[in-house]
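According to this note's numbering, the stretch in the sequence shown is residues -4 to 98, in order.
Notes follow once the structure below has been shown.
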Amino acid sequence: MKINYLNNTPRKVIDSDDLPEYMSANDVTDVVEIFNTPLTGSYNWDYTIQDNRIKKLYELGKELNWNSNMDINWDRPVVHLDEPPPIFWDDYEPYIKCQTKKN
């Protein structure tokens, strides 16, 4: 891995258009810049390690979190109610008016 040590914080944004035309993906192996500030910073554009960690975390989340395919008994019969449970509608003004019109 090639490391480019800088005396100052990087100021110029380098885009792929700024690279010489003769360079290809095979010519560039890794980009690391180290510079001194009150805190030492390091840029590393190789996200392979982080991508693997995120993928493992995602798979672990699928395995250990609530999973509707595995955690719900879909063979259980569904109970159909003719009216909503009273607790949800007792204090809702439009439903109170609707109930008084029916009676």
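Here a beta-carbon is modelled for each residue, glycine too, at the ideal position from N, C-alpha and C.
Nearest-angstrom Cα separation, counted from residue j out to residue i
{"i": "asparagine 2", "j": "arginine 48", "result": "32 Å"}
{"i": "lysine 149", "j": "proline 80", "result": "Within the shown structure, residues of the chain are numbered from -4 to 98, placing residue 149 beyond reach of any answer."}
{"i": "glutamine 94", "j": "asparagine 60", "result": "42 Å"}
{"i": "glutamate 54", "j": "proline 89", "result": "46 Å"}
{"i": "glutamine 45", "j": "isoleucine 67", "result": "33 Å"}
{"i": "methionine 34", "j": "arginine 6", "result": "Note on residue identity: the sequence assigns leucine, not methionine, to residue 34. Rounded to the nearest angstrom, the two C-alpha atoms are 17 Å apart."}
Where the alpha helix (DSSP H) through residue i begins and ends
{"i": "leucine 59", "result": "43 to 59"}
{"i": "asparagine 64", "result": "63 to 66"}
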